[in-house]
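Here's the structure, in structure tokens; my notes come after.
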Amino acid sequence: GAGVSQSPSNKVTEKGKDVELRCDPISGHTALYWYRQSLGQGLEFLIYFQGNSAPDKSGLPSDRFSAERTGGSVSTLTIQRTQQEDSAVYLCASSTWWGETQYFGPGTRLLVL
Amino acid sequence: GESVGLHLPTLSVQEGDNSIINCAYSNSASDYFIWYKQESGKGPQFIIDIRSNMDKRQGQRVTVLLNKTVKHLSLQIAATQPGDSAVYFCAENIGSGGSYIPTFGRGTSLIVHP
């Protein structure tokens, strides 16, 4: 079946612009996670959605970052007033329930010039 | 091997050898552990998992060992192949108020020489 998909696959933007990254989780998965991965680094947790519960935003690095999940499915990560240090790969993962195995999308490679 | 938060190590092996990738975790409350493989330009891919009530689990060519006493996890790959070349991450899951947010190590780069 279809896995986690993300769009765009690559995004180049200018400093100060806003960007939106999209994640389509696996159908039926109730949990959705966003991570950030800088070159040669591990995964940095950003935000987590579980069903209709309030999201866990404890990993968001600043108030320029926000995310929403509509209808318990598609999620959008928004970065406002992008900075060069925001350049990274943004990964989305979903799982059937919290604590279960996460399945990752291919990521969105963001470059802020 | 790797430890959550430390410098990315590299393991070089010859094709056909067995590989062992190590991971030290920090929280004794962690009860679910996962190994992921990440190839260049792709997202992490699930390999194998293990829960804290087990100390060994086997998959196809892979075995995960868990030593809770010393908080150590290892991934063994039998008869390593060039296609196994990738970065391998371990992740520990810690339940906090009903929210499982895994902690990932920085990974170990496995290079398989033909």
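Protein sequence lines correspond, in order, to chains S and G. Going by this note's numbering, the first sequence opens with residue 1, and the numbers climb by one from there. Going by this note's numbering, the second sequence opens with residue 1, and the numbers climb by one from there. The beta-carbon is built from N, C-alpha and C at its ideal position, and this holds for glycine as well. Model, not experiment: these values are computed from the prediction.
For phenylalanine 46(G) and serine 58(S), what's the separation of their Cα atoms in angstroms?
Mapped onto the second sequence, residue 46(G) falls at position 46. Mapped onto the first sequence, residue 58(S) falls at position 58. Whole-angstrom Cα-Cα distance: 24 Å.
Chain-order list of residues whose beta-carbon lies under 6 Å from that of threonine 78(S) (same chain, five-residue window excluded)
Counted from its first residue, the first sequence places residue 78(S) at position 78. Glu20, Ser66.
Would you identify the three-state DSSP class for glutamate 39(G), choosing helix, strand or coil?
Counting from 1 along the second sequence, the entry for residue 39(G) is found at position 39. Note: glutamate 39(G) maps to coil in three-state DSSP.
Would you mind sorting glycine 28(S) into buried or exposed? The rule is 16 or more other CB atoms within 10 Å of its CB.
In the first sequence, residue 28(S) corresponds to position 28, counting from 1. Its Cβ having fewer than 16 others within 10 Å, glycine 28(S) is exposed.
DSSP beta-bridge partners for alanine 86(G)?
Reading the second sequence from its first residue, position 86 is the one you call residue 86(G). According to the DSSP secondary-structure assignment, alanine 86(G) is paired through a beta bridge with Leu110(G).
Within 9 Å of chain S by C-beta, residues of the stretch 35 to 59 of chain G in sequence order
For the stretch 35 to 59 of chain G, the residues whose beta carbon sits under 9 Å from a beta carbon of chain S are, in order, Tyr36, Gln38, Gly41, Lys42, Gly43, Pro44, Gln45, Phe46, Asp49.
Rounding to the nearest angstrom, what Cα-Cα distance links valine 89(S) and arginine 57(G) in this structure?
In the first sequence, residue 89(S) corresponds to position 89, counting from 1. In the second sequence, residue 57(G) corresponds to position 57, counting from 1. Their Cα atoms are separated by approximately 31 Å.
Does DSSP classify aspartate 86(S) as helix, strand or coil?
In the first sequence, counting from the first residue as 1, residue 86(S) sits at position 86. Residue state, collapsed to three classes: helix.
Helix, strand or coil: how does DSSP classify serine 75(S) here?
Position 75 of the first sequence, counted from the start, is the residue given in the question as residue 75(S). Looking at serine 75(S) - three-state DSSP - the assignment turns out to be strand.
Please compile the residues from chain G whose C-beta is within a distance smaller than 7 Å of the C-beta of proline 106(S).
Your numbering for residue 106(S) matches position 106 in the first sequence. Within 7 Å Cβ-Cβ: Lys42, Gly43.
Quick check on leucine 115(S) - is its C-beta less than 8 Å from some C-beta in chain G?
Residue numbering for chain S in the displayed model covers 1 to 113; residue 115(S) lies beyond these limits and cannot be assessed.
Any C-beta of chain S under 8 Å from that of isoleucine 101(G)
Here residue 101(G) is taken as the residue at index 101 of the second sequence, counted from 1. Yes, because at least one Cβ of chain S sits closer than 8 Å to the Cβ of isoleucine 101(G).
Determine, using beta carbons only, whether phenylalanine 89(G) comes closer than 8 Å to chain S.
Residue numbering aside, residue 89(G) sits at position 89 when the second sequence is read from its first letter. True, the Cβ-Cβ gap to chain S drops below 8 Å.
Sorted by chain position, which residues of the same chain lie with C-beta nearer than 6 Å to valine 112(S)'s C-beta, five sequence neighbours on each side aside?
For the purposes of this step, residue 112(S) is taken as residue 112 along the first sequence, with counting starting at 1. Excluding positions up to five away in sequence, the list reads Thr13, Lys15, Thr82, Gln84, Asp86, Ser87.
Could you tell me if threonine 69(G) is buried or exposed, where buried requires 16 or more neighbouring beta carbons within 10 angstroms of its beta carbon?
Against the second sequence, residue 69(G) aligns to sequence position 69. Exposed, by the Cβ-count rule.
Going by C-alpha distance, which of Ser40(G), Ile101(G), Gly107(G), Cys90(G) is nearest isoleucine 34(G)?
Counting from 1 along the second sequence, the entry for residue 34(G) is found at position 34. Of the residues Ser40(G), Ile101(G), Gly107(G), Cys90(G), the one whose Cα lies closest to the Cα of isoleucine 34(G) is Cys90(G).
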